[in-house]
Amino acid sequence: MSEPAIEHPARFEVTFLPPPDGTTRARLGELHLAHGTVHTPQFMPVGTNATVKALSPGDLRDAGATIILSNTYHLYLRPGHERIARLGGLHRFMDWDGPILTDSGGYQVVSLGDLRVVDEHGVTFRSHLDGSTHTFTPELAIAVQEALGSDIAVAFDQPVYPSSPQAVVADATARTHRWAERSLAAHQRRDQALFGIVQGGLDPVLRAESTRFIAAMPFDGICLGGLAGDETPDQRNDTLDIAVPLLDGDPRPRYLMGLGSPADLLEAVHRGIDLFDSVLPARVARNGQLWIPGGRLNIRNQRFLDDPAPVQADCPCLLCRRFSRAYLAHLFRAKELLAYRLATCHNLTFTLDFMVRIRAAIRAGTFPAEMAQLRVRAGRVSGGEGAAKSA
RNA sequence: GGGUAGGUUGAGCAGGUGGUGAGCUCCGCUGACUGUAGAUCAGCCGUCUUCGACUGUGGGGGUUCGAUUCCCUCCCUGCCCA
């Protein structure tokens, strides 16, 4: 509330257009928001409960984060959006003075699978905390996000798993469109951007329809939802190749929701995406997986107990600057809390540094040529073969 | 020296008062994780020719068709008393 109103809640400038030869759709942009400027392509660490798990705001800054994501559904349930508003808004509450995007809570429709009812009015959930019943509507999702005071709010949608039957996808997509209109109508806060969400699953026709429908509305940015689920990389790429070209010439940022491994980020940037978020780097860090150039380490593996080397020699993160693999391996075995902080610092530093490299290549006009080596640096997403023996 | 309670797969246990002990929890190993109900979850964790088979209840001996169980003896550990 104390934030100064700005003329454009989300002014987006593309500062480096994709080459006209069609070798890539990767582009460079600056997204100007109430709490600062975000250079795109950019990755947003996820801070569901008004905290990126295990990290302080200072850790986040040091890792290179410039914008983070938080969650409407979780903060509505606890501690309550009105309480956060009374305490001065989400930025002040969590002491993060950079931009924040809030997810609308739509994703929890699928992630909290059991006991929910979706109808035209909204979604009735059972709270994962105490079992109490709540109904989320587009209007409530917007009101909560306005109370939180995020820089970017997101329309309330109904995602479905990419592999869902066509009829299910069609139904959810149509409802998402109607809810997009209601979200837009409900949104009032002038210093807060509002992004709309495209659905459509993997169906080319539905995805194209949804992209056109959402793009035709006066949102400040376009989210591509319903991906980063159980689809294959090829299916995801094909879907992006259908949706993104329909946004050619559109002056707004494109945000692929939920994507997070370096290899996946690279392919999506190549296909014209500007913004990403994912819990993946932070979650796998807490579970002992450390990302390094060309692969990853499972720090719980026995061989690291005697390894005096840093996780990644040239990494500037808190972990790699000062501690050995052996120390981190010990902390994980002892279940010491510092393990989660150090590992998370590293994976987010790695991910955000990867985005820096991508932006540098785009700026230099060498992005398509550098894709191969960026792919090598990204390593594999999953499946055991990507594990690096040591750096 | 006497008494007493025990010795079960790395650790800690359960069980078993004559009819096939491979069960549990740790630890350990491997994997998974993508708009976070996740510092979580899954598989493995005696040996082998691994959809099965074999071995294993401190050592030795005895009774018995059959012993982890009953008897004898020895060894080891904890506690109590001298």
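Sequential numbering from -13 applies to the first sequence in my numbering. The beta carbon of each residue, even a glycine, is placed where N, CA and C say it ideally should be. Small disclaimer: the values here were computed from a predicted structure and weren't measured.
Roughly how many whole angstroms lie between the Cα atoms of Tyr93 and Leu305?
In the first sequence, residue 93 corresponds to position 107, counting from 1. In the first sequence, residue 305 corresponds to position 319, counting from 1. Distance between the alpha carbons of Tyr93 and Leu305: 32 Å.
Would you give the residue range spanned by the alpha helix (DSSP H) that Ile128 belongs to?
Within the first sequence, numbered from 1, the residue matching residue 128 stands at position 142. First-last of the alpha helix (DSSP H) with Ile128: Pro124 to Leu134.
From Ala355, Arg361 and Val362, pick the residue whose C-alpha is nearest to that of Thr10; which is it?
Locating residue 10 in the first sequence gives position 24, counting from the first residue. It is Ala355 whose Cα lies nearest to the Cα of Thr10.
Contact belief for Pro31 with Leu46 at Cβ below 8 Å, rounded distance in angstroms:
By one-based count along the first sequence, residue 31 stands at place 45. By one-based count along the first sequence, residue 46 stands at place 60. The Cβ separation is near 7 Å, so the contact holds.
Can you name, in chain order, every residue of its own chain whose Cβ lies under 7 Å from the Cβ of Ser113, other than the five neighbours on each side?
Reading the first sequence from its first residue, position 127 is the one you call residue 113. Cβ within range, chain order: Leu63 and His120.
Contained beta strand (DSSP E) runs [length at least 3] in the region -6 to 59, N- to C-terminal order:
Counting whole runs of 3 or more residues, the region -6 to 59 contains the beta strand (DSSP E) stretches -3 to 2, 14 to 19, 22 to 26, 28 to 31 and 54 to 57.
Judging by CA-CA distance, which residue of Ala139, Ala172, Tyr241 and Val109 is the nearest neighbour of Gln185?
Position 199 of the first sequence holds residue 185. Nearest to Gln185 by C-alpha distance, out of Ala139, Ala172, Tyr241 and Val109, is Tyr241.
Buried or exposed by the 16-neighbour rule on C-beta atoms within 10 Å, applied to Gln152:
Stepping through the first sequence from its first residue, residue 152 is reached at position 166. Exposed is the call here.
Along the alpha helix (DSSP H) that carries Arg112, what are the first and last residues, could you check?
As a position in the first sequence, residue 112 is number 126, starting the count at 1. That residue, Arg112, is in no alpha helix (DSSP H); its beta strand (DSSP E) goes Val109 to Arg112.
According to DSSP, simplified to helix, strand and coil, what is Thr119?
Numbered from its first residue, the first sequence carries residue 119 at position 133. Looking at Thr119 - three-state DSSP - the assignment turns out to be strand.
CA nearest to the CA of Val109, picked from Ala249, Ala127, Ala194 and Leu210:
For this step, residue 109 is matched to residue 123 along the first sequence. Comparing Cα positions, the closest option is Ala127.
Go through its chain and collect everything with a Cβ distance to Ala364's Cβ below 8 Å, but skip five positions before and after it.
Indexing the first sequence from 1 puts residue 364 at position 378. Counting only Cβ-Cβ distances below 8 Å, and skipping sequence neighbours, we find Ser247, Pro248, Ala249, Leu251, Leu252 and Phe340.
Which residue spans inside the region 322 to 350 form an unbroken alpha helix (DSSP H) run of at least 4?
Whole alpha helix (DSSP H) segments, 4+ residues: 323 to 349.
If we count Cβ pairs, one from each stretch, closer than 8 Å, do we get three or more for the region 277 to 289 versus the region 31 to 40?
no
Residues bridged to Gly215 (per DSSP)
In the first sequence, the residue the question calls residue 215 occupies position 229. DSSP lists no partner for Gly215.
With a threshold of 16 other CB atoms inside 10 Å of the CB of Thr52, please say whether the residue is buried or exposed.
For this step, residue 52 is matched to residue 66 along the first sequence. By the 10 Å Cβ count, Thr52 comes out buried.
Helix or strand or just coil, what does DSSP make of Asp263?
As a first step, residue 263 must be located in the first sequence, where it is residue number 277. Residue state, collapsed to three classes: strand.
With burial defined as no fewer than 16 other Cβ atoms inside 10 Å of the residue's Cβ, what is the status of Asn57: buried or exposed?
If you number the first sequence from 1, residue 57 lands on position 71. The residue is buried, with at least 16 neighbouring Cβ atoms inside 10 Å.
List the DSSP bridge partners of Cys209.
As a working mapping, residue 209 is identified with position 223 in the first sequence. Answer by DSSP bridge pairing, in chain order: Ile183 and Tyr241.
How many whole angstroms separate the CB atoms of Leu213 and Arg222, which I take to be in contact at a CB cut-off of 8 Å?
Stepping through the first sequence from its first residue, residue 213 is reached at position 227. Stepping through the first sequence from its first residue, residue 222 is reached at position 236. Right, the Cβ-Cβ distance comes to about 5 Å (below 8 Å), so this counts as a contact.
Give me the residue from Gln275, Val104 and Gly117 with the minimum Cα distance to Pro124.
Here residue 124 refers to the residue found at position 138 when the first sequence is read from its first residue. When only C-alpha atoms are compared, the closest one is Val104.
Look at the alpha carbon of Glu(-11) and the alpha carbon of Thr218, and state the distance between them as a whole number of angstroms.
Stepping through the first sequence from its first residue, residue -11 is reached at position 3. Stepping through the first sequence from its first residue, residue 218 is reached at position 232. Residue confidence is low: Glu(-11) scores 49 on pLDDT, short of 50, so the model does not pin down where it sits. Its coordinate-derived value is still stated next. Rounded to whole angstroms, Glu(-11) to Thr218 spans 43 Å at the Cα level.
Nearest CA to the CA of Asp412: which residue from Leu338, Arg343 and Phe353?
The structure shown does not extend to residue 412, since the chain is modelled only from -13 through 377, so no value can be given for it.
Rounded to the nearest angstrom, what separates Pro237 and Leu210 at their Cα positions?
As a working note, residue 237 is residue 251 in the first sequence. As a working note, residue 210 is residue 224 in the first sequence. So the alpha carbons of these two residues sit roughly 16 Å apart.
Express the C-alpha separation of Pro5 and Arg269 in angstroms, rounding to a whole number.
Numbered from 1 along the first sequence, position 283 holds the residue referred to as residue 269. Numbered from 1 along the first sequence, position 19 holds the residue referred to as residue 5. Rounded to whole angstroms, Arg269 to Pro5 spans 36 Å at the Cα level.
Grouping DSSP H, G and I as helix and E and B as strand, with all else coil, what is Ala249?
In the first sequence, the residue the question calls residue 249 occupies position 263. Ala249 falls in the helix class under three-state DSSP.
Among Gln275, Pro239, Asp292 and Tyr326, which residue has its Cα nearest to the Cα of Ala12?
The residue given as residue 12 occupies position 26 in the first sequence. For Ala12, the nearest C-alpha among the options comes from Pro239.
Where do the ends of the beta strand (DSSP E) carrying Leu188 lie?
Here residue 188 refers to the residue found at position 202 of the first sequence. Unbroken run through Leu188: none, as it is neither H nor E.
Is Gln178 buried or exposed, if buried means 16 or more other CB atoms sit within 10 Å of its CB?
Mapped onto the first sequence, residue 178 falls at position 192. Under this definition Gln178 is a buried residue.
Sort Ala171, Asp216 and Asp227 by Cα distance to Pro190 and report the nearest one.
Here residue 190 refers to the residue found at position 204 of the first sequence. When each option's Cα is compared against that of Pro190, the closest is Asp227.
Kindly indicate which residue of Ala295, Asp263, Arg345 and Ser136 has the alpha-carbon position closest to the one of Gly22.
Position 36 of the first sequence holds residue 22. Minimum Cα distance to Gly22 is reached at Ser136.
Leaving out the 5 sequence neighbours to the left and right, which residues in its chain are closer than 7 Å to Ala325 when beta-carbon positions are compared?
Against the first sequence, residue 325 aligns to sequence position 339. Taken in chain order, the residues that qualify are Leu314, Leu317 and Phe318.
Between Gly280, Gly351, Ala312 and Ser196, which has its C-alpha nearest Gln359's C-alpha?
For the purposes of this step, residue 359 is taken as the residue at position 373 of the first sequence. Among Gly280, Gly351, Ala312 and Ser196, the Cα nearest to that of Gln359 is on Gly280.
Quick one: is Gln174 buried, meaning 16 or more other Cβ sit within 10 Å of its Cβ, or exposed?
Counted from its first residue, the first sequence places residue 174 at position 188. With fewer than 16 Cβ atoms within 10 Å of its Cβ, Gln174 is classed as exposed.
Tell me which same chain residues have a C-beta within less than 8 Å of the C-beta of Arg102, skipping the five on either side of it?
For the purposes of this step, residue 102 is taken as the residue at position 116 of the first sequence. Within the same chain, Arg102 has close Cβ partners Val95, Val109, Thr110, Phe111 and Arg112.
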